[in-house]
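Asker:
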Amino acid sequence: MTTTTDATPAPAGDLTSAAVTRPEIMPEPRSAFERVLVAVFVAVPFLALIAAVPLAWGRGLGWHDAVLAIAFYYISGLGISVGLHRYFTHGSFKAVRGFKIALAVAGSLAIEGPVITWVADHRRHHKYSDKDGDPHSPWRFGSDWKALSKGLAFAHVGWLFDGDVTSQEKFCPDWLADSDVSRISRWFPGLVIVSLLAPALIGGLWSMSWQGAVTAFFWATLVRIAFLHHITWSINSICHTFGKEEFEVRDKSRNVSWLAILSFGESWHNLHHADPTCARHGVLKGQIDIAARTIWLAERLGWVSDVRWPDAARLTAKEVDETRKFGSMTRRTAAKPAG
Ligand SMILES: [Zn+2]
Ligand SMILES: [Zn+2]
């Protein structure tokens, strides 16, 4: 159900009146075939991740493989963080057409679903964070240790097998109306094949050997995808259960510092729920946010504009410990009042 008419995308959350009356969950549940596909894409890379440790130990990891794995991790990971999350879901900045397309393609290479499906699920998560209707809250079954253990597993990966399908017409009318984005969303199966095979092709040509293609497929495809999946899913599970509440929120989102670098800054998830459209999530001094630095660079290159950088005055009102300093990129036009 996509349209190909061009329209200016509405900002995140600004739903049309037609969308307001639509149901949030599609009447048709996820099919058995789709669930099997999800299972394959969850299980196979994960098995590779387990096998990776003894293989690396036995010198089965060459530097070509390492370079390719890190490069594809960055491209697909930033595609999720800068693209699908901060831009397509939350409208933290405006992008020129070429950069918008690049972000949609890069995010698709993470194999976390088509752009519009990802955005619709994530907008539903923000609408109902840790309440009934949230597609992946770890608090779904209760708060005693048994219910929470079950909830953590559900928030991490179990929710992918849930029958509920978020309505795209309800949660994502803006991008459904954008012909570039709806087309890239439909091309998802093709982009999955690119993401699976491109590392093997480059690895094979680089080393001019079949063995180079096979090891690149193992490291830069299977291990890279498994690792990125589990880091992304940790934002839904770990960052809604453990960590610090540095900003006041009505949900259980928390800031988790040890996941910051691997998640490109997504694990500053407590601030993100306190101020969802903010382009930098690690707003406090010392909180590394690679995605925010990427947006900063793109702004300098003229690829993005109207970036919603952190606003000191707005954030101070939500800060739990007001003595903490904000990092760079923060607008201080109306700084904290003296004293
Ligand atoms: Zn979000
Ligand atoms: Zn969240």
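Quick note, the sequence shown lines up with residues -10 to 328 if you use the working numbering.
All residues carry an ideal CB built from backbone N, CA and C; glycine is no exception.
Note that this is a predicted model, so its numbers are computed, not measured.
Among the residues of its own chain, which have a CB less than 6 angstroms from the CB of residue 145, if the five just before and after it don't count?
Answerer: Reading the sequence shown from its first residue, position 156 is the one you call residue 145. Spatial neighbours of residue 145 in its own chain (CB-CB distance under 6 angstroms, excluding positions within 5 residues in sequence) are listed in chain order as 222, 226.
Asker: For residue 244, write down the residues that DSSP places opposite it in a beta bridge.
Answerer: Residue numbering aside, residue 244 sits at position 255 when the sequence shown is read from its first letter. Looking at the DSSP output, residue 244 shares a beta bridge with 233, 257.
Asker: From residue 110 to residue 124, what does the alpha carbon distance come to, in whole angstroms?
Answerer: The count along the sequence shown starts at 1 and reaches residue 110 at position 121. The count along the sequence shown starts at 1 and reaches residue 124 at position 135. Rounded to whole angstroms, residue 110 to residue 124 spans 7 angstroms at the Cα level.
Asker: With distances taken Cα to Cα, identify the nearest neighbour of residue 207 among 16, 30, 58.
Answerer: To locate residue 207, count along the sequence shown from 1; it is residue 218. The shortest C-alpha separation from residue 207 is found at 58.
Asker: Identify every residue that forms a DSSP beta bridge with residue 204.
Answerer: Start at 1 with the first residue of the sequence shown, and residue 204 comes out as number 215. In the DSSP secondary-structure assignment, residue 204 is not bridged to any residue.
Asker: Check whether the Cβ of residue 125 sits closer than 7 angstroms to any heavy atom of ligand 1, and report yes or no.
Answerer: Here residue 125 corresponds to residue number 136 of the sequence shown, with the count starting at 1. Incorrect: residue 125 has no Cβ contact closer than 7 angstroms to ligand 1.
Asker: For the putative contact between residue 115 and residue 266, defined by C-beta atoms under 8 angstroms, what is the C-beta separation to the nearest angstrom?
Answerer: Taking the sequence shown and counting its residues from 1, one reaches residue 115 at position 126. Taking the sequence shown and counting its residues from 1, one reaches residue 266 at position 277. That pair is no contact at about 10 angstroms.
Asker: Within 10 angstroms of the Cβ of residue 272, are there 16 or more other Cβ atoms? Answer buried if so, exposed if not.
Answerer: As a first step, residue 272 is located in the sequence shown; it is residue number 283 there, counting from the start. Flag for residue 272 reads buried.
Asker: Does at least one heavy atom of ligand 2 sit under 7 angstroms from the Cβ of residue 118?
Answerer: Residue 118 sits at position 129 when you count from the first residue of the sequence shown. Answer for residue 118: yes, Cβ within range of ligand 2.
Asker: I'd like to confirm the pairing. Which residues does DSSP put opposite residue 293 in its beta bridges?
Answerer: Counted from its first residue, the sequence shown places residue 293 at position 304. Beta-bridge analysis with DSSP links residue 293 to 84.
Asker: On the three-state DSSP scale, how would you describe residue 11?
Answerer: Here residue 11 refers to the residue found at position 22 of the sequence shown. If DSSP states are grouped into helix, strand and coil, residue 11 belongs with coil.
Asker: Should residue 324 be labelled buried (16 or more other beta-carbon atoms within 10 Å of its own) or exposed?
Answerer: Residue mapping note: residue 324 aligns to position 335 of the sequence shown, counting from 1. With a pLDDT of 46 at residue 324, under the threshold of 50, the modelled position of that residue is not reliable, and the figure given next carries that caveat. With fewer than 16 Cβ atoms within 10 Å of its Cβ, residue 324 is classed as exposed.
Asker: Where does residue 266 sit, in a helix, a strand or coil, going by DSSP?
Answerer: Translated into positions along the sequence shown, residue 266 becomes position 277. Residue 266: coil per DSSP, three-state reduction.
Asker: Leaving out five residues on either side along the sequence, give the residues of the same chain with a beta carbon under 7 angstroms from the beta carbon of residue 15.
Answerer: Along the sequence shown, read from residue 1 onward, the residue named residue 15 stands at position 26. Excluding residues up to 5 positions away in sequence, 154, 156 lie with their Cβ nearer than 7 angstroms to the Cβ of residue 15 in the same chain.
Asker: Can you check which of these residues, 321, 249, 216, is closest to residue 232 by C-alpha distance?
Answerer: By 1-based counting over the sequence shown, the position of residue 232 is 243. Distances from the CA of residue 232 to each of 321, 249, 216 were compared; the closest alpha carbon is that of 249.
Asker: Starting from residue 300, follow its DSSP beta bridges and name the residues at the other end.
Answerer: Within the sequence shown, numbered from 1, the residue matching residue 300 stands at position 311. In DSSP, residue 300 forms a bridge with 320.
Asker: Please return the same chain residues whose Cβ sits closer than 6 angstroms to the Cβ of residue 314, not counting the five positions on each side in sequence.
Answerer: Counting from one through the sequence shown, the residue named residue 314 turns up at place 325. Correct list, in chain order: 274.
Asker: Give me every residue whose Cβ sits closer than 6 angstroms to any heavy atom of ligand 1, in chain order.
Answerer: 74, 78, 79, 111, 115, 261, 265
Asker: Residue 268 and residue 296 - do their beta-carbons sit closer together than 8 angstroms?
Answerer: If you number the sequence shown from 1, residue 296 lands on position 307. If you number the sequence shown from 1, residue 268 lands on position 279. Yes, the pair counts as a contact, with Cβ atoms nearer than the cut-off.
Asker: Quick check on DSSP: helix, strand or coil for residue 308?
Answerer: As a working mapping, residue 308 is identified with position 319 in the sequence shown. DSSP places residue 308 in strand when its eight states are reduced to three.
Asker: Within 10 angstroms of the Cβ of residue 321, are there 16 or more other Cβ atoms? Answer buried if so, exposed if not.
Answerer: Position 332 of the sequence shown, counting from 1, holds the residue named residue 321. It counts as exposed.
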